[in-house]
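The block underneath contains the structure these notes are about, expressed in structure tokens.
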Amino acid sequence: MAFRKKKDRQGHDREFDGLYDDADGAYEDHDHDNADPVSSTFEFHDAPPRRRGCAWAAGCLIPVLVVAGVAGGAYYGYQHLLDNFGSPSCEFTATGNVSYSPEQSANAATVVQVATVKEQLPSRAGEIGVATAITESKLRNLKYGDLDSLGLFQQRPSQGWGTQDQILDPVYASTTFYNRLANITDWQKQPIEVAAQEVQRSAFPSAYADHVTAAEILTASLDGSHREAVACRLDPATTSTSPTALVKKMSNQTGLVATAGSADVSFTARNGARAWALAGWAVTHAQSDGITSVTVGDRMWKRQRGRGGATWTAATRAAGSPTSVRIELAGR
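In my numbering, each residue's number is its place in the sequence shown (first place is 1) plus 183.
Okay, here's the thing in structure tokens:
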């Protein structure tokens, strides 16, 4: 069907939506007033077909792609924020949930392992030791303190705790603390804060009670009584301790003798609790020793900065039996 354009009095084209029912759209086929100068200027033409499909699709698709791109970028940014927010840290989840820095966590593991594995004391000793170390130093091996106090427990050379170098050795400091604890009558039956005060003779005895819950969670997570209760979110390791050096350190802190490989350390425990105790020790020392993964049986902790670092997963390569532990090191 035909359409036509119409010129106004100023000579400009404007659309006229008149529709003709004849075949050729000829002006002569219809009645009109020849005296009308405007109607005499009609021009007729056939309207070309409109090709809108591709243009319309492209016009709709572009905004969709833009929105999808923005949404994808926002999601990636959100995930990146979740994976990298805050400082590296370790989580302990046996009977509650507490989080500490890698340095604090490694010191807590040493305090617990010296008590429960090396000295074979009840877990109660580890709870008392950790509560004391949190109160005295916030689980940091301080080279300063009140008067001549030093180390994790703020022990004083002038009070017979040892030399400065000895007190600054976490294993020595922990062992000395437990030796004095063991000399207290019925220490296992006393409240944690009371037993801690019996050893320390602090000017602020009530302070130990503030950290009892955290000490209980840390000890339960590190003494092997709970599986997969320790995990750390860490930056990638650039260097590492040698397997031989790690075996020596492990023996000094836990009393356990492992086997050094070319790129890892392996140990088979006598029971599951001992295996998981060693695993917790290894995970908390991953930052300082360049450990990249710890496997117990068919379960694995893998060093990651993101949320994956806070979980244990199925091992890509099992360590062997459920009591077998494998510790892998970076750059080996």
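The C-beta atom is built at its ideal place from N, Cα and C for all residues, glycine as well.
Asked	Found
What do you reckon, are the CB atoms on W459 and G514 nearer than 8 Å?	no
Helix, strand or coil: which one does DSSP assign to K432?	helix
How far does the alpha helix (DSSP H) with V440 in it extend, from its first residue to its last?	Counting along the chain, V440 falls outside any alpha helix (DSSP H), and DSSP gives it neither H nor E.
I want to know whether the region 456-474 touches the region 378-398 - three or more CB-CB distances under 8 Å.	no
Determine whether the beta carbon atoms of Q342 and G328 lie at a separation below 8 Å.	no
Quick check on this structure: which residue in T299, L364, S385, A403 has the alpha carbon closest to the alpha carbon of V281?	A403
Mind checking which residues open and close the alpha helix (DSSP H) that includes T315?	306-320
Tell me the rounded alpha-carbon separation between D348 and A497.	42 Å
Between R384 and the rest of its own chain, which residues show a CB-CB distance below 8 Å, the 5 nearest in sequence each way excluded?	none
With distances taken Cα to Cα, identify the nearest neighbour of P426 among N435, V413, S449, D418.	S449
Measure the Cβ-Cβ separation of N362 and N324 and say whether it is below 8 Å.	no
Roughly how far, in whole angstroms, is the beta-carbon of I375 from the beta-carbon of E310, given that I think they are within contact range, below 8 Å?	6 Å
Short check: CB of P340 to CB of T293, under 8 Å?	no
Assuming T315 and A379 make a contact with CB atoms under 8 Å, what is their CB distance in whole Å?	4 Å
Can you give the beta carbon distance from P271 to D418, rounded, assuming they're within the 8 Å contact cut?	6 Å
By the DSSP assignment, the alpha helix (DSSP H) with A497 in it spans what residues?	Premise fails: A497 lies in the beta strand (DSSP E), 495-497, not in any alpha helix (DSSP H).
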